[in-house]
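Residue 70 in numbering that gives the first Met the number 0 sits at position 71 of the sequence shown, with consecutive numbering throughout. Glycine included, every Cβ here is placed at the ideal spot set by N, Cα and C.
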Amino acid sequence: MPSSTADRPYGDRTVTATTVRADGATAWGTAEFTERLRAVAAERYHDRHPFNLRMHRGELSPAELRRWIAGRFHYQRHIPVKDALILAGLDRPELRRSWLRRIQDHDGTAEGEGGIERWLRLGEAAGLHRDELWDGSRVPPGVRLAVDGYVNFCRLHPALDAIAASLTELAAPDLMRTRIAAFERHYPWIDPDGLAYFRIRIDQGGRDGAEALALVLDLARTREQQQRALAALEFKCEVLWSLLDAVAGGGP
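1. Ignore the nearest five residues each way along the sequence and tell me which others in V215's own chain have a CB closer than 8 Å to its CB.
2. Starting from the Cα of P257, find the closest Cα among G28, H45, W27, R71 and give me that residue.
3. Please name the residue in R56, D134, V246, Q103 whose C-alpha comes closest to that of D207.
4. Quick check on R56: buried or exposed, where buried means 16 or more other Cβ atoms within 10 Å of its Cβ?
5. According to the neighbour-count rule (16 or more other Cβ atoms, all chains shown, within 10 Å of its Cβ), is R76 buried or exposed?
6. Using 8 Å for Cβ pairs, my map puts V246 next to W67. What's the rounded Cβ distance?
7. Within 10 Å of its beta-carbon, does L169 have 16 or more other beta-carbons around it, so buried, or fewer, so exposed?
8. Let me check understanding here. Comparing Cα to Cα, which of H185, R129, R220, D217 lies closest to S60?
9. Pick from L194, P187, P157: whose alpha carbon is nearest that of M175?
10. So for T29, helix, strand or coil by DSSP?
11. Does the Cβ of L232 have 16 or more other Cβ atoms within 10 Å, making it buried, or fewer, making it exposed?
12. Determine the DSSP secondary structure at L59, reduced to helix, strand or coil.
13. Run through DSSP, which three-state label would R143 get?
14. Less than 8 Å separating the beta-carbons of R43 and C236?
15. On a CA-only basis, which of L132, Q226, K81 is nearest C153? Give me that one, please.
16. Report yes or no: do the segment 218 to 226 and the segment 24 to 40 share at least 3 C-beta pairs separated by less than 8 Å?
17. Please report the straight-line C-alpha distance between S97 and S241, rounded to a whole angstrom.
18. List, from N- to C-terminal side, the beta strand (DSSP E) runs of 3 residues or more that fit wholly inside the segment 166 to 234.
19. Excluding five sequence neighbours on each side, which residues of the same chain lie with their C-beta closer than 7 Å to the C-beta of D244?
20. Which runs of the alpha helix (DSSP H) spanning at least 4 residues fall entirely within the segment 81 to 109, listed in chain order?
21. By the DSSP assignment, the alpha helix (DSSP H) with D46 in it spans what residues?
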């Protein structure tokens, strides 16, 4: 039976591409595994969803755009929840400190700060009252189902899987740039100040994606773990597509 490094202590980080499972499957090297992860993010990310393509071409009506903002807010408000679940699964202080910053990025460290607040301001710039966003009255059922599925995935799966699911951040900065340009060109009725969320997420998303990728490369030491990470990222892409499916079918 081939030897395996999969049973080495968690604190041992000297894992190489010769790591094998008991069934003989060799773990991918860092470069190949990274390429596979990036390929999933590039090929399955929701930037290709028909609703996003229509948004970027300027084809959405005000009602459709407001429905997307409201539905997406339901997702945004749960990001700190899923990050808290991930944080609880990390066993080292330095990892928890790093991941805690993500919660602070969205919740803010004081009233009137953070990504959730900036999304509320986007809603206001589009003509929505923030109470409408908080009460969830505009959220399509399919959006709730997709978000619940993602949060429960992070609750029930190991930290590696949940962190890997967050690697959609690898593709997020380019989408933010495209979205800003589309809003400025096609939706001038939205106050430009309302686009602050997108502008800030360019840098935050790039940083978060790079950090999560490094952590996944560190934690996924066997082929089985690597395949789980890829499956988790594919699942997250499906969540984002399902969310947009629900928004697109939620009304005229």
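Let me lay it out:
1. By one-based count along the sequence shown, residue 215 stands at place 216. Hits under 8 Å: L36, L159, I162, A163, L166, A228.
2. There is simply no residue 257 to check, as the chain begins at 0 and stops at 251 in what is shown.
3. Walking along the sequence shown from the start, residue 207 turns up at place 208. It is Q103.
4. Numbered from 1 along the sequence shown, position 57 holds the residue referred to as residue 56. Classification of R56: exposed, given that the 10 Å Cβ count is below 16.
5. Counted from its first residue, the sequence shown places residue 76 at position 77. Counting Cβ neighbours within 10 Å, R76 comes out buried, since at least 16 surround it.
6. As a working note, residue 246 is residue 247 in the sequence shown. As a working note, residue 67 is residue 68 in the sequence shown. Indeed they touch by this definition, with Cβ atoms about 5 Å apart.
7. Residue 169 sits at position 170 when you count from the first residue of the sequence shown. Buried, by the Cβ-count rule.
8. Here residue 60 is taken as the residue at index 61 of the sequence shown, counted from 1. That would be H185, whose Cα lies nearest to the Cα of S60.
9. In the sequence shown, the residue the question calls residue 175 occupies position 176. Checking every option, the nearest Cα to that of M175 belongs to L194.
10. Position 30 of the sequence shown, counted from the start, is the residue given in the question as residue 29. Helix at T29.
11. Along the sequence shown, read from residue 1 onward, the residue named residue 232 stands at position 233. Counting of Cβ neighbours within 10 angstroms places L232 among the buried residues, the total reaching 16 or more.
12. Mapped onto the sequence shown, residue 59 falls at position 60. Reduced to three states, the DSSP call for L59 is coil.
13. Position 144 of the sequence shown, counting from 1, holds the residue named residue 143. Helix at R143.
14. The count along the sequence shown starts at 1 and reaches residue 43 at position 44. The count along the sequence shown starts at 1 and reaches residue 236 at position 237. Yes, these two residues count as a Cβ contact at 8 Å.
15. As a first step, residue 153 is located in the sequence shown; it is residue number 154 there, counting from the start. Of L132, Q226, K81, the residue nearest in Cα terms is K81.
16. Contact between the segment 218 to 226 and the segment 24 to 40 is present, because at least three Cβ pairs lie under 8 Å.
17. Numbered from 1 along the sequence shown, position 98 holds the residue referred to as residue 97. Numbered from 1 along the sequence shown, position 242 holds the residue referred to as residue 241. Cα to Cα, the separation comes out at about 29 Å.
18. none
19. Mapped onto the sequence shown, residue 244 falls at position 245. Excluding sequence neighbours, D244 sits near G141.
20. Runs of the alpha helix (DSSP H) spanning 4 or more residues and lying entirely within the segment 81 to 109 occur at 92 to 106, in chain order.
21. On the sequence shown, residue 46 is found 47 positions in, with the first residue counted as 1. Looking at the DSSP string, D46 is not in any alpha helix (DSSP H), and its letter there is neither H nor E.
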